[in-house]
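Worksheet: the structure to be examined is printed underneath.
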């Protein structure tokens, strides 16, 4: 499964999350059918309850939909965890972007409520999407100073350009910071490595399927020392004639010369 397939799985659930965010923030913006009155506590409370309800329903249903689709496709644990990490950070990204868009188009009636709503969105996304994080010991992120520096430069330029004209500067700064944080999180989720717990069966880091002798998914050692499954070795040898390592690009000769990693397979059976 490649990242195009992952985006296809996430597209509809993330649109549902974005719709719930827009509906929630719309309740805090001025429209022609509502004239704000600070003394009208019933209308105020109704909008807050509606906002929380939209957020809960949108995030919970979307997370459920993603999980069911991944289970139906029978993806490996690594792909499942990585997909939820990407979905979580895309959700946080929309948390920061949507208020900025609405703030530029409409007047925010309740600016004091924006911070609790923003915090609630992030907490709900972290709660629903991070429950799958218990399946790995830690996530090893890989530094990419070029992309991170470019994102920070865009963030700085955006603040410099809009800070003077923004009606609520504190909301602009916080939402922009959340957007930057989410963008770096998406980059980490794509480039980083999921480290499974010791009780999780090892799997091929190329096709993300578990090593097992029963289904002939036997680990094979390349000349560079990296291990992939025998099916990936055959696929690479057919495609490239030789076998380029998917990790370090070191080229191995014919696949018949690659030794099978029976020691790893024995550990799996134990």
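Residue numbers (our numbering): 2 to 271.
Backbone N, C-alpha and C define an ideal beta-carbon position, used for all residues, glycine too.
Quick caveat, the model's predicted, so the values are computed rather than measured.
Local conformation of residue i per DSSP, three classes
i	result
residue 89	helix
residue 115	helix
residue 64	helix
residue 218	strand
residue 50	helix
residue 244	strand
residue 204	strand
residue 176	helix
residue 123	helix
residue 229	strand
residue 195	strand
residue 76	coil
residue 211	strand
residue 35	Because residue 35 carries a pLDDT of 45, less than 50, the predicted location of this residue cannot be relied on, and no value is offered for it.
Buried versus exposed, by CB contacts within 10 Å (16 or more), residue i
i	result
residue 58	exposed
residue 272	Here the chain comprises residues numbered 2 to 271, so residue 272 is not present and cannot be evaluated.
residue 186	buried
residue 118	buried
residue 124	exposed
residue 254	exposed
residue 50	exposed
residue 235	exposed
residue 92	buried
residue 9	exposed
residue 212	buried
residue 13	exposed
Rounded separation between residue i and residue j - CA only
i	j	result
residue 52	residue 122	10 Å
residue 38	residue 66	The predicted position of residue 38 is uncertain, since its pLDDT is 49 and thus under 50; a value taken from the coordinates is nonetheless stated next. Roughly 39 Å between the two C-alpha positions.
residue 208	residue 233	7 Å
residue 7	residue 240	24 Å
residue 11	residue 84	8 Å
residue 245	residue 251	6 Å
residue 23	residue 163	21 Å
residue 71	residue 168	43 Å
residue 165	residue 143	36 Å
residue 184	residue 68	23 Å
residue 145	residue 249	17 Å
residue 156	residue 148	12 Å
residue 159	residue 114	24 Å
residue 299	residue 204	Limits of the chain in this structure are 2 at one end and 271 at the other, which puts residue 299 out of reach.
residue 40	residue 15	Model confidence at residue 40 stands at a pLDDT of 48, short of 50, so the residue's coordinates are unreliable; what they give is reported in the following sentence. Computed Cα separation, rounded: 36 Å.
residue 82	residue 219	23 Å
residue 100	residue 108	11 Å
residue 231	residue 221	6 Å
residue 55	residue 88	18 Å
residue 243	residue 225	13 Å
heavy atom of the ligand ATP below 7 Å from residue i C-beta
i	result
residue 148	Among the components modelled here there is no ligand, and therefore nothing to report on the ligand ATP.
If you pair each beta-carbon of the stretch 67-76 with each one of the stretch 189-196, do three or more pairs fall below 8 Å? The stretch 67-76 makes no contact with the stretch 189-196; the number of CB pairs closer than 8 Å stays below 3.
Please confirm if the stretch 10-19 is in contact with the stretch 54-70, defined as three or more CB-CB distances below 8 Å between the two stretches. Verdict: yes, contact present.
Should the stretch 124-131 be called in touch with the stretch 139-153, which here means at least 3 C-beta pairs below 8 Å? The stretch 124-131 makes no contact with the stretch 139-153: fewer than 3 CB pairs, one atom from each, lie closer than 8 Å.
Is the stretch 171-189 close to the stretch 89-96, with three or more CB pairs under 8 Å? Cβ pair count under 8 Å is three or more, so yes.
I want to know whether the stretch 157-175 touches the stretch 99-109 - three or more CB-CB distances under 8 Å. Result yes; three or more Cβ-Cβ pairs closer than 8 Å.
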